[in-house]
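In this note's numbering, the protein residues as written are 26 to 440.
What follows is the structure in structure tokens.
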């Protein structure tokens with residue numbers, strides 16, 4: 026909403042400044058009430074959670090502006106590749122924090138994790154301030170720059186960064202009414218709702234195995250990540266890894282996401298080129314979803330192998346393969362879904378990004394509340410197997426239907 030009125034750069038800058046302020050508040054919070062007032066997740070007491078500081082502004086920065094900036098800067102034939110890189114950034118972020126910070130909190134206070142996150146946040150703010158550029162270009166105006174540019178380059182830089190230029194330009198852009206109600210105009214479109222439901226399950230179950238909520242009160246329940254429970258618990262329940270071992274284990278999804286980026290980059294380009302050749306130079310948005318066929322097969326394999334590894338105490342190699350394949354599948358599916366939604370609604374990037382992020386968040390952070398009790402009571406193989414089955418069922422209900430009738434839905438419910 027704000028980006029449609031004031032541009033990309035000032036919103037990116039101020040959101041990052043606020044994120045740094047909250048992280049500093051978390052770092053020096055004297056008690057739990059103060060801490061939860063700064064940031065909802067609870068501080069970690071071990072090295073296996075995504076409640077670390079890096080995740081908070083990875084979420085804020087990349088998801089807030091990413092789709093807008095990619096479509097501002099790159100033409101159609103490069104957008105899927107750049108979306109793949111952007112998607113890699115926010116998928117890898119919840120694994121970077123426990124991987125890097127897990128070694129720290131195993132030895133010293135959790136406050137250092139938020140302190141390091143604060144330092145990193147200041148670095149990002151400086152990078153935005155010194156090198157960030159406004160990517161919004163008002164092509165629909167007869168004169169895309171109706172406001173004279175200040176003679177001083179420094180003044181222009183500061184005014185653009187903090188939003189003065191965007192405020193002056195806002196009268197030439199979408200009205201507040203259009204900006205506020207645009208998300209309501211797009212959310213009910215059936216082809217978007219269908220793919221959002223699929224993405225909520227795909228991304229949600231994968232994040233659920235890494236999400237943790239924990240209370241510092243002695244009488245409150247504690248929920249740990251599914252992976253942390255099975256990696257850290259002694260046999261026969263788990264593998265008995267130390268906190269250093271758990272932190273090192275998070276290298277697996279990091280490498281997997283990088284592999285998924287490489288695979289998705291070339292396969293998405295191949296799908297696009299094949300579709301254009303097959304349809305006499307016309308690209309059909311639903312062809313993006315062919316990538317989901319490969320992603321769903323990998324999703325089944327990864328989740329079943331991961332569940333079997335935990336329940337049957339297979340080798341660490343099997344654990345690594347299952348976890349890695351699952352994250353490759355998430356990377357491939359998520360990129361395809363972003364690209365498909367962007368092609369269906371080419372003028373609604375902010376709304377699309379926000380709705381997909383909402384679906385991922387609701388799907389992912391709700392799983393943590395039931396996955397650990399379910400897995401510890403009935404076994405990880407049943408838990409991950411049922412979750413994979415749900416994803417497969419949604420895939421067969423949604424993806425082929427969109428490929429069959431998606432063009433009709435787009436024609437009828439286009440914007």
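The beta carbon of each residue, even a glycine, is placed where N, CA and C say it ideally should be.
What's the gap between the Cα of residue 375 and the Cα of residue 388? Stepping through the chain shown from its first residue, residue 375 is reached at position 350. Stepping through the chain shown from its first residue, residue 388 is reached at position 363. The alpha-carbon atoms of residue 375 and residue 388 are separated by roughly 20 angstroms.
Where do the ends of the alpha helix (DSSP H) carrying residue 305 lie? Counting from one through the chain shown, the residue named residue 305 turns up at place 280. No alpha helix (DSSP H) contains residue 305, which DSSP labels as neither H nor E.
Complete runs of the alpha helix (DSSP H) confined to the stretch 164-212 [at least 4 residues]: Runs of the alpha helix (DSSP H) lying entirely within the stretch 164-212 and spanning at least 4 residues, in chain order: 178-187, 189-194, 201-212.
Identity of the residue in 201, 345, 171, 385 nearest residue 275 by Cα: Taking the first residue of the chain shown as position 1, residue 275 is located at position 250. For the residues 201, 345, 171, 385, the minimum Cα distance to residue 275 belongs to 345.
State the start and end residues of the unbroken alpha helix (DSSP H) segment that holds residue 111. As a working note, residue 111 is residue 86 in the chain shown. Taken as a continuous stretch (DSSP letters only), the alpha helix (DSSP H) holding residue 111 covers 101-130.
Consult DSSP for residue 55 and reduce its assignment to one of helix, strand or coil. Locating residue 55 in the chain shown gives position 30, counting from the first residue. Coil, per DSSP.
Alpha helix (DSSP H) segment containing residue 427, residue limits: By one-based count along the chain shown, residue 427 stands at place 402. From DSSP, the alpha helix (DSSP H) with residue 427 extends over 405-438.
Expressed to the nearest angstrom, what Euclidean distance is found between the alpha-carbon atoms of residue 209 and residue 169? Looking up residue 209 in the chain shown gives position 184. Looking up residue 169 in the chain shown gives position 144. In a straight line, the C-alpha of residue 209 is about 28 angstroms away from that of residue 169.
Closest by CA to residue 300, which one among 286, 287, 128, 316? Start at 1 with the first residue of the chain shown, and residue 300 comes out as number 275. For residue 300, the closest alpha carbon among the candidates 286, 287, 128, 316 is that of 316.
If contacts are defined as beta-carbon pairs under 8 angstroms, then residue 269 and residue 131 qualify, I think. What distance do you get, rounded to the angstrom? The residue labelled residue 269 in the question sits at position 244 within the chain shown. The residue labelled residue 131 in the question sits at position 106 within the chain shown. Confirmed, about 6 angstroms.
C-alpha distance - residue 339 paired with residue 333, whole-angstrom precision: To locate residue 339, count along the chain shown from 1; it is residue 314. To locate residue 333, count along the chain shown from 1; it is residue 308. Straight-line Cα distance between these residues: approximately 7 angstroms.
Assign residue 441 to buried or exposed, taking buried as 16 or more other Cβ atoms, counted over all protein chains shown, within 10 Å of its Cβ. With the chain covering only 26 through 440, there is no way to say anything about residue 441.
Assuming the contact rule is C-beta atoms closer than 8 angstroms, residue 235 and residue 119 should be a hit. Round their C-beta distance to whole Å, please. Here residue 235 refers to the residue found at position 210 of the chain shown. Here residue 119 refers to the residue found at position 94 of the chain shown. Sure, about 6 angstroms apart at Cβ, within 8 angstroms.
From residue 46 to residue 145, what does the alpha carbon distance come to, in whole angstroms? Here residue 46 is taken as the residue at index 21 of the chain shown, counted from 1. Here residue 145 is taken as the residue at index 120 of the chain shown, counted from 1. Distance between the alpha carbons of residue 46 and residue 145 is about 12 angstroms.
Could you spell out where the alpha helix (DSSP H) holding residue 136 opens and where it closes? Position 111 of the chain shown holds residue 136. Looking at the DSSP string, the run of the alpha helix (DSSP H) that includes residue 136 is 136-156.
According to DSSP, is residue 48 helix, strand or coil? Numbered from its first residue, the chain shown carries residue 48 at position 23. DSSP, read as helix, strand or coil, puts residue 48 in helix.
Residue range of the alpha helix (DSSP H) that includes residue 263: On the chain shown, position 238 is the one that residue 263 refers to. Residue 263 -> no alpha helix (DSSP H), and no H or E assigned at all.
Exposure label - residue 365; buried when at least 16 CB within 10 Å: Taking the chain shown and counting its residues from 1, one reaches residue 365 at position 340. So residue 365 ends up on the buried side.
Residues in the same chain with beta-carbon distance under 8 angstroms from residue 260, minus the five sequence neighbours each way, listed in chain order, please. As a first step, residue 260 must be located in the chain shown, where it is residue number 235. 338, listed in sequence order.
Are there 16 or more other CB atoms within 10 angstroms of the CB of residue 292, so buried, or fewer, so exposed? As a first step, residue 292 must be located in the chain shown, where it is residue number 267. Buried, since its Cβ has 16 or more Cβ neighbours within 10 Å.
Helix, strand or coil at residue 338 according to DSSP, with G and I counted as helix: The sequence position of residue 338 within the chain shown is 313, counting from 1. Looking at residue 338 - three-state DSSP - the assignment turns out to be coil, as it is neither helix nor strand.
Please report the distance separating the alpha-carbon of residue 135 from that of residue 48. The residue labelled residue 135 in the question sits at position 110 within the chain shown. The residue labelled residue 48 in the question sits at position 23 within the chain shown. Each residue's alpha carbon lies about 13 angstroms from the other.
By Cβ distance, which residues of its chain are closer than 8 angstroms to residue 117, with the 5 residues on each side in sequence left out? Counting from 1 along the chain shown, the entry for residue 117 is found at position 92. Closer than 8 angstroms at the Cβ level, and outside the excluded window around residue 117, lie 278, 279, 282, 283.
Go ahead and pull the three-state DSSP assignment for residue 160. Within the chain shown, the letter at position 135 stands for residue 160. Of the three classes helix, strand and coil, the one that applies to residue 160 here is coil, per DSSP.
Can you have a look at residue 43 and say buried or exposed, based on whether 16 or more other CB atoms are within 10 angstroms of its CB? In the chain shown, counting from the first residue as 1, residue 43 sits at position 18. It is exposed - the Cβ of residue 43 has fewer than 16 other Cβ atoms within 10 Å.
Kindly indicate which three-state DSSP category residue 235 falls into: helix, strand or coil? Taking the first residue of the chain shown as position 1, residue 235 is located at position 210. In this structure, DSSP gives residue 235 a state outside helix and strand, which the three-state scheme calls coil.
Between the beta-carbon of residue 194 and the beta-carbon of residue 427, is there less than 8 angstroms? Position 169 of the chain shown holds residue 194. Position 402 of the chain shown holds residue 427. No, the pair does not count as a contact, with Cβ atoms beyond the cut-off.
Among 386, 176, 224, which one has its Cα closest to the Cα of residue 320? As a position in the chain shown, residue 320 is number 295, starting the count at 1. Closest option to residue 320, judged by alpha-carbon separation, among 386, 176, 224: 224.
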